[in-house]
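Peer 1: This is the structure I have questions about; it appears just below.
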Amino acid sequence: MSGKVVEKTVYLGTFAHSKSLKELEIAHDAAIFVDENGKIVAVERGVADEAAAKSFFPTLNWIESQEKPIQMFKSKEEQFFFPGFIDTHIHASQYPNAGIFGKSTLLDWLNTYTFPMEASLSALPTAQRVYARVIARTLSHGTTTAAYYATISVPATNLLADLCLAAGQRALIGRCCMDSLAPDYYRDAGPEESIANTKATIAHITSIDPEHALVKPIITPRFAPSCSAKLLTGLGKLQKETGLPVQTHISENKREIDLVAELFPESKSYAEVYDSHGLLGPKTVLAHAVHITDEERALIKKRGAGISHCPVSNAALASGMAEVRTWLDDGISVGLGTDVSGGYSPSVLEAVRQALLCSRNLAMGEAGEEAERRKLSVEEA
6 MSGKVVEKTV YLGTFAHSKS LKELEIAHDA AIFVDENGKI VAVERGVADE AAAKSFFPTL
66 NWIESQEKPI QMFKSKEEQF FFPGFIDTHI HASQYPNAGI FGKSTLLDWL NTYTFPMEAS
126 LSALPTAQRV YARVIARTLS HGTTTAAYYA TISVPATNLL ADLCLAAGQR ALIGRCCMDS
186 LAPDYYRDAG PEESIANTKA TIAHITSIDP EHALVKPIIT PRFAPSCSAK LLTGLGKLQK
246 ETGLPVQTHI SENKREIDLV AELFPESKSY AEVYDSHGLL GPKTVLAHAV HITDEERALI
306 KKRGAGISHC PVSNAALASG MAEVRTWLDD GISVGLGTDV SGGYSPSVLE AVRQALLCSR
366 NLAMGEAGEE AERRKLSVEE A
């Protein structure tokens with residue numbers, strides 16, 4: 006939590022949540038009791054009204070008084086409560102560009118729209134406006150946890166962490182590391198500067214949230230083409246020293262994959278580039294993975310890394326359709342990402358819809374049992 010003290014709260018009504026990948030539970034006449042520190046202390050069924058909810062107060066050692074009231078929130082008949090969404094891949098710095106992609110694909114989109122926008126956030130008043138808006142917007146869509154990419158700017162990245170903490174949004178905050186194949190106006194001067202600046206951001210986030218209870222740094226090599234081998238090695242070493250999570254991109258676009266093969270000829274695959282530099286592990290989130298090979302899937306599974314499926318941006322930038330069913334069958338952990346601004350919407354619910362549609366589009370090319378197998382269920386999405 007952000008350290009703010011709130012009143013004890015009870016939420017009454019209908020609740021929906023996922024018990025497992027394939028099981029969605031809907032509970033009517035239920036109640037969730039939250040203490041003054043924002044922690045859920047009890048969940049009860051068969052609680053039809055406020056009077057029934059109050060009957061549990063003695064068990065919880067809750068005492069209501071005029072000075073310390075206990076708030077009650079009851080859903081209407083057509084409403085329900087659900088756990089906050091987790092956006093596993095979103096570029097906070099690109100929010101003003103959401104939905105702008107024209108006829109471009111990934112690599113030219115970066116140079117035409119993305120890098121200029123991100124560079125503009127080195128001006129802190131601009132960063133303040135953009136980051137405040139994206140936090141408010143994602144919260145309004147039910148996103149209570151987000152894995153954010155910021156920019157190369159240390160002050161602007163630190164500001165994003167400050168704003169998330171103040172708003173009470175749980176967040177992983179990543180300063181983008183990029184010392185190669187980026188415009189001169191928007192790149193780290195070299196691997197040493199990139200690593201030093203990342204350490205500065207880690208130090209700031211730790212200073213404002215020492216336990217990383219709400220905001221936490223995440224090591225963020227933008228993607229392999231934008232990082233020199235020396236930078237990737239340094240970031241892998243930093244991950245080993247700190248134990249922090251890692252986020253990056255992989256196999257979003259076929260031209261990107263060809264570029265990685267040219268830049269890292271000693272590696273057998275895109276996934277092996279990260280693995281050989283100590284960046285592929287159980288705390289790694291790989292965005293997209295649209296075109297990963299069978300061998301890469303096996304390596305990702307072996308290392309315990311997860312994949313952020315970004316169906317909206319995969320379609321918008323004509324990157325391709327990801328074989329999510331295959332990942333799930335392999336036992337790979339999969340989450341959903343809005344990928345703003347390649348993705349046009351900051352809503353995880355929209356990503357859910359598009360994930361379902363993507364799986365059905367893939368099923369159209371098959372018949373019989375294979376067609377049905379490829380489709381994701383609502384519960385899975």
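Residue numbers (this note's numbering): 6 to 386. Glycine residues also receive a C-beta, built at the ideal position from the N, C-alpha and C atoms.
1. Enumerate in chain order the residues of its own chain whose CB-to-CB distance from A155 is below 7 angstroms, with the five nearest sequence positions on each side excluded.
2. If you run the structure through DSSP and keep just helix, strand and coil, what is F106?
3. By a C-beta neighbour count over all protein chains shown, 10 Å radius and 16 as the cutoff for buried, is M122 buried or exposed?
4. The alpha helix (DSSP H) spanning R50 covers which residue range?
5. Using the three-state DSSP reduction, which class does G2 fall into: helix, strand or coil?
6. Quick one: what does DSSP say M77 is sitting in, helix, strand or coil?
7. Does the beta-carbon of D280 have 16 or more other beta-carbons within 10 angstroms, so that it is buried, or is it exposed?
8. Give me the residue from K204, S272, E261, S212 with the minimum Cα distance to T247.
9. Applying the criterion that 16 or more other CB atoms from any shown protein chain within 10 Å of the CB defines a buried residue, is H217 buried or exposed?
10. Give every residue of the same chain whose Cβ lies closer than 8 angstroms to the Cβ of K273, excluding the five residues on either side of it in the sequence, and list them in chain order.
11. I297 and S231 look like a contact to me (Cβ under 8 angstroms); what is the Cβ gap, rounded to whole Å?
12. Who does G179 pair with in a DSSP beta bridge?
13. Do A32 and T19 have their C-beta atoms closer together than 8 angstroms?
14. For K24, report the span of its beta strand (DSSP E) as first-last.
15. Mapping the DSSP letters down to three states, classify L367 as helix, strand or coil.
16. From the DSSP secondary-structure annotation, give me the bridge partner or partners of D92.
17. Helix or strand or just coil, what does DSSP make of I297?
18. Could you check the C-alpha separation between R378 and L333 for me, to the nearest Å?
19. In terms of residue numbering, what span does the beta strand (DSSP E) encompassing E28 cover?
20. State the Cα-Cα distance for the pair A294 and A327, rounded to the nearest angstrom.
21. Just reading off the alpha helix (DSSP H) that K221 is part of, what are its end residues?
22. Under 8 angstroms Cβ to Cβ from G8, same chain only, skipping five residues before and after it: list those, please.
23. Taking only three categories from DSSP, how would you classify S256?
24. So what's Y349 in DSSP terms, helix, strand or just coil?
25. Count the other CB atoms within 10 Å of the CB of I305; is the residue buried (16 or more) or exposed (fewer)?
26. According to DSSP, simplified to helix, strand and coil, what is T131?
27. My output table needs one value for I312: the three-state DSSP class, helix, strand or coil.
28. Just to confirm my understanding: we take V265, look at its own chain, exclude 5 residues before and 5 after, and list those with CB closer than 7 angstroms. What are they?
29. Okay, do the region 343-359 and the region 124-134 touch, 3+ Cβ pairs below 8 angstroms being the bar?
30. What is the DSSP secondary structure of F120, counted as helix, strand or coil?
31. Where does V339 sit, in a helix, a strand or coil, going by DSSP?
32. Can you tell which of R365, I312, G325 has its C-alpha closest to the C-alpha of H94?
33. Would V46 be called buried (16 or more neighbouring beta carbons within 10 Å of its own) or exposed?
34. For my contact list, V48 and P101 are in at a C-beta cut-off of 8 angstroms; report their separation, rounded to the angstrom.
35. With DSSP run on the structure shown, which of helix, strand or coil describes G8?
36. Residues bridged to T225 by DSSP?
Peer 2: According to the structure shown:
1. Taking the sequence shown and counting its residues from 1, one reaches residue 155 at position 150. These residues qualify, in order along the chain: A97, S98, A161, T162, L165, I178, G179, R180, C181.
2. Within the sequence shown, numbered from 1, the residue matching residue 106 stands at position 101. F106: coil per DSSP, three-state reduction.
3. As a position in the sequence shown, residue 122 is number 117, starting the count at 1. Buried: at least 16 other Cβ atoms inside 10 Å.
4. Taking the sequence shown and counting its residues from 1, the one referred to as residue 50 is at position 45. No alpha helix (DSSP H) contains R50, which is instead part of the beta strand (DSSP E) from 45-50.
5. Nothing about residue 2 can be read from this structure; the chain reaches only from 6 to 386.
6. Along the sequence shown, read from residue 1 onward, the residue named residue 77 stands at position 72. Reduced to three states, the DSSP call for M77 is strand.
7. Taking the sequence shown and counting its residues from 1, the one referred to as residue 280 is at position 275. Under this definition D280 is a buried residue.
8. Taking the first residue of the sequence shown as position 1, residue 247 is located at position 242. Of the candidates K204, S272, E261, S212, the one whose C-alpha sits nearest the C-alpha of T247 is K204.
9. In the sequence shown, the residue the question calls residue 217 occupies position 212. Per the 10 Å Cβ criterion, exposed.
10. Here residue 273 is taken as the residue at index 268 of the sequence shown, counted from 1. Only E300 meet the Cβ criterion.
11. Looking up residue 297 in the sequence shown gives position 292. Looking up residue 231 in the sequence shown gives position 226. In fact, because the Cβ distance is near 19 angstroms, the residues do not count as touching under 8 angstroms.
12. For the purposes of this step, residue 179 is identified with residue 174 of the sequence shown, where counting begins at 1. According to DSSP, which records beta bridges pairwise, G179 is partnered with Y154.
13. Taking the sequence shown and counting its residues from 1, the one referred to as residue 32 is at position 27. Taking the sequence shown and counting its residues from 1, the one referred to as residue 19 is at position 14. For A32 and T19, yes; Cβs fall inside 8 angstroms.
14. For this step, residue 24 is matched to residue 19 along the sequence shown. First-last of the beta strand (DSSP E) with K24: 14-25.
15. Stepping through the sequence shown from its first residue, residue 367 is reached at position 362. L367: helix per DSSP, three-state reduction.
16. Here residue 92 corresponds to residue number 87 of the sequence shown, with the count starting at 1. Bridge partners of D92: A151.
17. Translated into positions along the sequence shown, residue 297 becomes position 292. In the structure shown, I297 sits in coil (DSSP, three-state: anything other than H, G, I, E or B).
18. If you number the sequence shown from 1, residue 378 lands on position 373. If you number the sequence shown from 1, residue 333 lands on position 328. The alpha-carbon atoms of R378 and L333 are separated by roughly 11 angstroms.
19. For the purposes of this step, residue 28 is taken as the residue at position 23 of the sequence shown. Unbroken beta strand (DSSP E) run through E28: 28-39.
20. Translated into the one-based positions of the sequence shown, residue 294 becomes position 289. Translated into the one-based positions of the sequence shown, residue 327 becomes position 322. Between A294 and A327, the C-alpha separation is close to 7 angstroms.
21. Taking the sequence shown and counting its residues from 1, one reaches residue 221 at position 216. Careful: K221 lies outside any alpha helix (DSSP H), inside the beta strand (DSSP E) at 220-222.
22. Along the sequence shown, one-based indexing puts residue 8 at 3. Residue confidence for G8 is low, a pLDDT of 47 falling below 50, so the modelled location carries little weight and cannot support an answer.
23. Here residue 256 refers to the residue found at position 251 when the sequence shown is read from its first residue. DSSP places S256 in coil when its eight states are reduced to three.
24. Residue mapping note: residue 349 aligns to position 344 of the sequence shown, counting from 1. In the structure shown, Y349 sits in coil (DSSP, three-state: anything other than H, G, I, E or B).
25. Translated into positions along the sequence shown, residue 305 becomes position 300. So I305 ends up on the buried side.
26. Counted from its first residue, the sequence shown places residue 131 at position 126. The answer is helix: DSSP assigns T131 an H, G or I state.
27. Residue mapping note: residue 312 aligns to position 307 of the sequence shown, counting from 1. In this structure, I312 counts as strand in the three-state DSSP scheme.
28. The residue you call residue 265 lines up with position 260 of the sequence shown. Hits under 7 angstroms: A229, P230, Y275, V278.
29. no
30. Along the sequence shown, one-based indexing puts residue 120 at 115. Looking at F120 - three-state DSSP - the assignment turns out to be helix.
31. Start at 1 with the first residue of the sequence shown, and residue 339 comes out as number 334. DSSP places V339 in strand when its eight states are reduced to three.
32. Within the sequence shown, residue 94 is the residue found at index 89, counting from 1. The option with the nearest alpha carbon to H94 is I312.
33. Working through the sequence shown from its first residue, we reach residue 46 at position 41. Flag for V46 reads exposed.
34. By 1-based counting over the sequence shown, the position of residue 48 is 43. By 1-based counting over the sequence shown, the position of residue 101 is 96. Going by Cβ atoms, the distance from V48 to P101 rounds to 40 angstroms, so no, they are not a contact pair.
35. Within the sequence shown, residue 8 is the residue found at index 3, counting from 1. Any reading at G8 must be qualified, since the residue scores a pLDDT of 47, below 50, and its modelled position is unreliable; the value itself is stated next. DSSP places G8 in coil when its eight states are reduced to three.
36. The count along the sequence shown starts at 1 and reaches residue 225 at position 220. BP columns for T225 point to C181.
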